[in-house]
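Residue numbers for the sequence shown follow UniProt numbering, beginning at 1 and rising by one. The beta carbon of each residue, even a glycine, is placed where N, CA and C say it ideally should be. Here the structure is a predicted model, which is why all the values come from computation and not from measurement. Presented below is the structure to which this report refers.
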Amino acid sequence: MAKIEITPEMIETYQTEGVVLVRGLWADWVEDLRAGVERNMAEPGPYAAENLKPGEGGRFFDDYCNWDRIPEFERVIRESAVAEVAAKLMASDRVQMFHDHVLVKEPGTSKPTPWHQDGPYYFVEGQQTVSFWSPLDPVREASLRCVAGSHRWEKEVLPTRWLAETSFYPDSEKYMPVPDPDAEGMPVREWQMEPGDAVAFNYRTLHGARGNNAATRRRAFSLRLVGDDARYVERPGRTSPPYPGHGMQPGQRLREDWFPYLR
């Protein structure tokens, strides 16, 4: 299998901008991931969602927390180089599983993925975090878009429900309003990508994605991992993913039986 080179320049970019492109991360695993996505869509889990309102064209499917029941996903997570890549980018000795996420925009799905930070939705805090977003189809226009440096903002962005467009938590004052990076002239990073390429970004990096107006599908597999300093934190409401009955207390590491170490 091809060796994935992570250069010092890539690590520096990840640390300073909160996002970097990793070419070919899962180039050898694209067919496994495609098979896993098909299995996921045929057998959706309890968190599966359709993210379009009546009258909006296309289909925008997403689902998460399925890696331990979809063998193709588990094989890629455990056998690919992703844990080693994550350790280098995060500057972390250990790499711990958090969750997987599948997003599929069928042709003609013009609705964009709203701007958001992942961190406020999660019950984990820490500087050493990484999410990998990897398209399983060539990406020319329906790309993931990330705001460079947003992982260092003092205040987190208000998490919202994608379909209802309402606040995710009752206490919204601690968060800043969702910005409009294009209107505000923020530095947005996006790339044309081949299947198996991956954008790596910090949980606090503001990101969104364009709609898919192409004649082809845009399937994407995301993987969220955490490093040495990640700890459980309570949020002002039900988190996403919720992981009911986890039993963790603030300040604890994520429980290893639910969130195994990959490195």
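Annotation: the continuous alpha helix (DSSP H) that includes Tyr14 extends over Pro8 to Glu17. In the structure shown, the three-state DSSP call for His246 is coil. Bounds of the beta strand (DSSP E) holding Met97 are Gln96 to Lys105. Between Pro138 and Glu194, the CB-CB gap stays under 8 Å.
Here the alpha carbon of Arg94 sits roughly 16 Å from the alpha carbon of Glu125. Rounded to whole angstroms, the Cβ separation of Thr113 and His151 is 18 Å, and the two are not in contact under 8 Å.
Between the stretch 97 to 109 and the stretch 58 to 65, the count of C-beta pairs closer than 8 Å reaches three or more; the two stretches touch.
Counting other Cβ atoms within 10 Å of its Cβ, Tyr261 stays below 16 and is therefore classed as exposed. Note: Tyr261 is bridge-paired with Gln96 in the DSSP secondary-structure output. The Cβ neighbour count for Pro120, taken over all protein chains shown within 10 Å, is at least 16; the residue is labelled buried. Boundaries of the alpha helix (DSSP H) harbouring Pro71: Pro71 to Glu79, taken from the DSSP string.
Between the C-alpha atoms of Ser222 and Asn212 there is a straight-line separation of about 18 Å. CA-to-CA, the gap between Leu33 and Asp180 works out to about 32 Å. For Gly36, the enclosing alpha helix (DSSP H) covers residues Val30 to Ala42.
In terms of CA proximity to Ile4, Ser80 leads the group Tyr47, Asn66, Ser80 and Val30.
Close CB contacts of Ala220 within its chain, under the 7 Å cut and outside five residues either way in sequence, are with Leu103, Trp133, Ser134, Pro135 and Leu136 (chain order).
In the structure shown, Arg217 adopts coil according to DSSP, grouped into three states.
With fewer than 16 other beta carbons inside 10 angstroms of its own, Ala42 counts as exposed.
Counting along the chain, no beta strand (DSSP E) covers Leu89; the unbroken alpha helix (DSSP H) around it starts and ends at Val82 to Met90.
With fewer than 16 other Cβ atoms from the protein chains shown falling within 10 Å of its own Cβ, Gln252 counts as exposed.
Rounded to whole angstroms, the gap between the alpha carbons of Ala230 and Glu38 is 32 Å. Tyr203 sits close to Ser131, with the two beta carbons spaced by under 8 Å. Pairing Tyr47 with Ala86, the inter-Cα distance amounts to about 26 Å.
In this structure, Ala214 sits near Arg140, with a CB-CB distance shorter than 8 Å.
Between the alpha carbons of Val20 and Ala2 lies a distance of about 19 Å.
Buried is the label assigned to Asp197, since at least 16 other Cβ atoms lie within 10 Å of its Cβ.
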